[in-house]
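Visitor: I am attaching a structure below and will ask some questions about it afterwards.
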Amino acid sequence: MRKINPHDFKVARRGTSREINRQIALNLIRTHQPISRADLARLMNVRRGVASLLVSELLSESLIFEGAVGESVGRGRRPTSLFIDSRQRCVVGVDIRASRTYILVTDLMGRQLGVVSSFQTNREVDVLIQELARRIKQILVDYKEVGACEGVGVAVPGMVDPAKGRVMHAPTLSWRDVNLRDPLAVALGIPVHIENSGKACALAQVWTTRSDVVSSGSSVFVSVSDGVGVGIVVNGEVLRGRHNTAGEFGHVPLSIDGPKCSCGATGCWEAYISNLATLSRYFGQDLSEPRPRDTETANFSVEDLIARARAGDAKALAAVNSTARYLGLGLASIINALDPGRIYIGGEITTAWSLIEPIVRSALRERTLTDFGGATEIHVVPAEDHPRLRGAVALVAAPAFAAPMVA
Ligand SMILES: [Zn+2]
């Protein structure tokens, strides 16, 4: 079995199976819409008649629709263009974090419908599943106009067995071998897909990037929140490893006798750069310890800390700057190991990017082994883009456009 990458596989040839041609056409329409039949045929490098046949098929299955765009040329008919039919079909994305869980509804193209809602994460998985099911059902009732729900994608802060739909290990939640997918699907009556949050972010990045920009290269997505998730893309495919656990750079030690990590070890990268690690540094106490907090530390977020740093609080700035340095040192390890074309960074710490970028860059240059490694492109994904929720949505929406496994 080999997997066809629909981004790479732009040109159809004689003998290319009909199913793959359909996926190529769908993906080209998605990334270039509005697009005419003639342009589609040109991009696919097939005859007009072949493209038209595919288009008729996709139209009859309501996967695409056609509409008029632009002015007519001369006295002729206005040219019609093709669009993916994302009307009346929605996807729910869920981002589970140790502290809070977030929910977003989008259309089939990943466009946001309505607002992001959130609630405190209950670590009792049965309780969390019931609460999630209740809230998602309510959202689908509240937003009747979004139409039928195609599926629910869940980004999980841990290692996921995609075949069994179980969470193998989520250190920040103290979950081991937790059954998440099937009970949630039963409670909702809708298909549910779960994936590690770093991998989900990486998948969304591949999916939303127009196929004519960056698709076949290698990239890494680093998501910094309660923990650190890393997703790796090699040649346009998310790297999974034998057990779907590849990419756990968050648990590669920066120092073997560093601070305690949620995984039980000490000195992991995550224990230096997670939001909790940054806040712990500021307050001078280990906030990962499960003990009652005073009201100041309990309600204080990394965004609050960054606001103080920007306002001139020297202690806050020092805590943020330390995180920046550790972030750069860890990114250097990733670059030395993988030599990616680009690194994406998401998470609350990125709201301080204008403050911390020089420190991140200098730490990165200090530990990368070549000049081009030190110059690796870093792209910040803004918090308002909700990269983890986009990743969760991509778990449902992206496969609809991906080429199937072919023999
Ligand atoms: Zn660890």
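Position one of the sequence shown corresponds to residue 1094 (our numbering), numbered consecutively onward. In this text, a Cβ means the ideal position worked out from N, Cα and C, and glycines have one as well. Just so it is clear, the structure is predicted and the values come from calculations on it, not from any experiment.
Provide the residue span of the alpha helix (DSSP H) that contains I1229, from first to last.
Guide: Here residue 1229 refers to the residue found at position 136 when the sequence shown is read from its first residue. Note, I1229: alpha helix (DSSP H), V1218 to D1235.
Visitor: Apart from the five residues just before and just after R1095, which ones in its own chain have a Cβ nearer than 6 Å to its Cβ?
Guide: Within the sequence shown, residue 1095 is the residue found at index 2, counting from 1. Model confidence at R1095 stands at a pLDDT of 41, short of 50, so the residue's coordinates are unreliable; what they give is reported in the following sentence. Counting only Cβ-Cβ distances below 6 Å, and skipping sequence neighbours, we find nothing.
Visitor: Could you have a look at F1314 and say whether DSSP puts it in helix, strand or coil?
Guide: Taking the first residue of the sequence shown as 1, we reach residue 1314 at position 221. Strand, per DSSP.
Visitor: Using a 10 Å radius around the Cβ and a threshold of 16 neighbouring Cβ atoms, would you call I1399 buried or exposed?
Guide: Residue numbering aside, residue 1399 sits at position 306 when the sequence shown is read from its first letter. I1399 comes out buried.
Visitor: What are the residues that DSSP puts in a beta bridge with I1177?
Guide: The residue you call residue 1177 lines up with position 84 of the sequence shown. I1157.
Visitor: Check whether the Cβ atoms of Q1126 and F1176 sit closer than 8 Å, and answer yes or no.
Guide: The sequence position of residue 1126 within the sequence shown is 33, counting from 1. The sequence position of residue 1176 within the sequence shown is 83, counting from 1. The answer is yes: Cβ separation under 8 Å.
Visitor: Based on the DSSP secondary-structure assignment, which residues constitute the bridge partners of T1199?
Guide: Counting from 1 along the sequence shown, the entry for residue 1199 is found at position 106. Paired residue(s): V1184 and Q1205.
Visitor: With DSSP as the reference, identify every bridge partner of I1128, one or two as the case may be.
Guide: Residue mapping note: residue 1128 aligns to position 35 of the sequence shown, counting from 1. As DSSP reads the structure, I1128 sits in a beta bridge with L1175.
Visitor: What are the complete beta strand (DSSP E) segments, minimum 3 residues, inside the segment 1266-1351?
Guide: 1268-1272, 1285-1289, 1312-1317 and 1321-1327
Visitor: Within a Cβ cutoff of 6 Å, which residues of the same chain sit near G1421, ignoring the five residues on either side of it in sequence?
Guide: As a position in the sequence shown, residue 1421 is number 328, starting the count at 1. So the list reads V1453, A1456 and L1457, once near-sequence residues are dropped.
Visitor: Going by the DSSP bridge assignment, what does F1212 pair with across the sheet?
Guide: Residue 1212 sits at position 119 when you count from the first residue of the sequence shown. F1212 is bridged to T1194.
Visitor: By DSSP, does R1140 sit in helix, in strand, or in coil?
Guide: As a working mapping, residue 1140 is identified with position 47 in the sequence shown. Coil at R1140, not helix or strand.
Visitor: Starting from T1359, follow its DSSP beta bridges and name the residues at the other end.
Guide: Within the sequence shown, the letter at position 266 stands for residue 1359. In the DSSP output, where bridge partners are listed per residue, T1359 has K1353.
Visitor: Have a look at L1424 and H1336 and give me their C-alpha separation to the nearest angstrom.
Guide: Counting from one through the sequence shown, the residue named residue 1424 turns up at place 331. Counting from one through the sequence shown, the residue named residue 1336 turns up at place 243. L1424 and H1336: Cα-Cα distance of roughly 24 Å.
Visitor: Please classify V1486 as buried or exposed, where buried requires at least 16 neighbouring CB atoms within 10 angstroms.
Guide: Mapped onto the sequence shown, residue 1486 falls at position 393. It is buried - the Cβ of V1486 has at least 16 other Cβ atoms within 10 Å.
Visitor: Return the chain-ordered list of same chain residues with a C-beta closer than 6 Å to the C-beta of S1355, the five sequence neighbours on each side being excluded.
Guide: On the sequence shown, residue 1355 is found 262 positions in, with the first residue counted as 1. For S1355, where only same-chain residues beyond five positions count, the Cβ hits under 6 Å are P1264 and T1265.
Visitor: For S1308 and P1480, what's the separation of their Cα atoms in angstroms?
Guide: Your numbering for residue 1308 matches position 215 in the sequence shown. Your numbering for residue 1480 matches position 387 in the sequence shown. Because the pLDDT at S1308 is just 49, under 50, the model does not fix this residue reliably, and the value given afterwards should be weighed accordingly. When rounded, the distance between both Cα atoms is 18 Å.
Visitor: Just reading off the beta strand (DSSP E) that A1543 is part of, what are its end residues?
Guide: In the structure as shown, the chain starts at 1094 and stops at 1500, and residue 1543 therefore has no counterpart that could be examined.
Visitor: Straight-line CA distance for R1283 to S1267?
Guide: Your numbering for residue 1283 matches position 190 in the sequence shown. Your numbering for residue 1267 matches position 174 in the sequence shown. The identity of residue 1283 in the sequence shown is Ile, whereas the question assumes Arg. So the alpha carbons of these two residues sit roughly 27 Å apart.
Visitor: Please look up how many angstroms separate the CB atoms of I1436 and S1312, rounded, as I've assumed it's under 8 Å.
Guide: In the sequence shown, counting from the first residue as 1, residue 1436 sits at position 343. In the sequence shown, counting from the first residue as 1, residue 1312 sits at position 219. Yes, they are in contact, since the Cβ atoms of I1436 and S1312 sit about 7 Å apart, within 8 Å.
Visitor: Name the two residues that bound the continuous beta strand (DSSP E) containing I1427.
Guide: The sequence position of residue 1427 within the sequence shown is 334, counting from 1. Not the beta strand (DSSP E): I1427 falls in the alpha helix (DSSP H), residues A1407 to L1431.
Visitor: Could you check which residue in T1338, E1341 and I1366 has the C-alpha nearest to that of G1351?
Guide: Taking the first residue of the sequence shown as 1, we reach residue 1351 at position 258. Minimum Cα distance to G1351 is reached at I1366.
Visitor: Any chance you could list the residues with Cβ under 7 Å from a heavy atom of ligand 1, keeping chain order?
Guide: Look at which beta carbons fall closer than 7 Å to any heavy atom of ligand 1; those residues are P1264, G1343, H1344, C1354, S1355, C1356, A1358, C1361, E1363 and A1364.
Visitor: At the level of alpha carbons, what is the spacing between L1152 and F1158?
Guide: Working through the sequence shown from its first residue, we reach residue 1152 at position 59. Working through the sequence shown from its first residue, we reach residue 1158 at position 65. Their backbone Cα atoms lie some 6 Å apart in a straight line.
Visitor: Drop a sphere of 10 angstroms on the beta-carbon of S1290, count the other beta-carbons inside from all chains shown, and report buried for 16 or more, exposed for fewer.
Guide: Translated into positions along the sequence shown, residue 1290 becomes position 197. Buried, since its Cβ has 16 or more Cβ neighbours within 10 Å.
Visitor: Cα separation between P1451 and A1468?
Guide: Within the sequence shown, residue 1451 is the residue found at index 358, counting from 1. Within the sequence shown, residue 1468 is the residue found at index 375, counting from 1. Straight through space, the alpha carbons of A1468 and P1451 are spaced by roughly 12 Å.
Visitor: One question on the structure: do D1275 and M1261 come within less than 8 Å of each other, judged by their Cβ atoms?
Guide: Working through the sequence shown from its first residue, we reach residue 1275 at position 182. Working through the sequence shown from its first residue, we reach residue 1261 at position 168. No, these two residues do not count as a Cβ contact at 8 Å.
Visitor: Drop a sphere of 10 angstroms on the beta-carbon of V1306, count the other beta-carbons inside from all chains shown, and report buried for 16 or more, exposed for fewer.
Guide: Here residue 1306 corresponds to residue number 213 of the sequence shown, with the count starting at 1. Note that V1306 scores a pLDDT of 43, beneath 50, so its modelled location is shaky; the value from the coordinates is reported in the next line. The residue is exposed, with fewer than 16 neighbouring Cβ atoms inside 10 Å.
Visitor: In whole angstroms, what separates the C-alpha of S1155 from that of G1334?
Guide: On the sequence shown, residue 1155 is found 62 positions in, with the first residue counted as 1. On the sequence shown, residue 1334 is found 241 positions in, with the first residue counted as 1. Near 36 Å, if we compare the C-alpha coordinates of G1334 and S1155.
Visitor: Using 8 Å as the threshold, is the segment 1229-1243 in touch with the segment 1180-1188, meaning 3 or more CB pairs across them?
Guide: yes
Visitor: Give me whichever residues DSSP pairs with H1262 in a beta bridge.
Guide: Against the sequence shown, residue 1262 aligns to sequence position 169. H1262 pairs with M1252 and R1269.
Visitor: Cα-Cα, which of R1228, L1206 and T1194 is closest to N1215?
Guide: Here residue 1215 corresponds to residue number 122 of the sequence shown, with the count starting at 1. Looking at the Cα atoms, T1194 is the closest of the given residues.
Visitor: Give me whichever residues DSSP pairs with R1115 in a beta bridge.
Guide: By 1-based counting over the sequence shown, the position of residue 1115 is 22. Answer by DSSP bridge pairing: none, since R1115 is not bridged.
Visitor: Would S1174 be called buried (16 or more neighbouring beta carbons within 10 Å of its own) or exposed?
Guide: Against the sequence shown, residue 1174 aligns to sequence position 81. Under this definition S1174 is a buried residue.
Visitor: How would you call R1111, buried or exposed, if buried means at least 16 neighbouring beta carbons within 10 angstroms?
Guide: Taking the sequence shown and counting its residues from 1, the one referred to as residue 1111 is at position 18. Result: exposed.
Visitor: Throw me the rounded Cβ distance for the Y1236 and L1277 pair, which I believe falls under 8 Å.
Guide: For the purposes of this step, residue 1236 is taken as residue 143 along the sequence shown, with counting starting at 1. For the purposes of this step, residue 1277 is taken as residue 184 along the sequence shown, with counting starting at 1. The Cβ separation is near 19 Å, so there is no contact.
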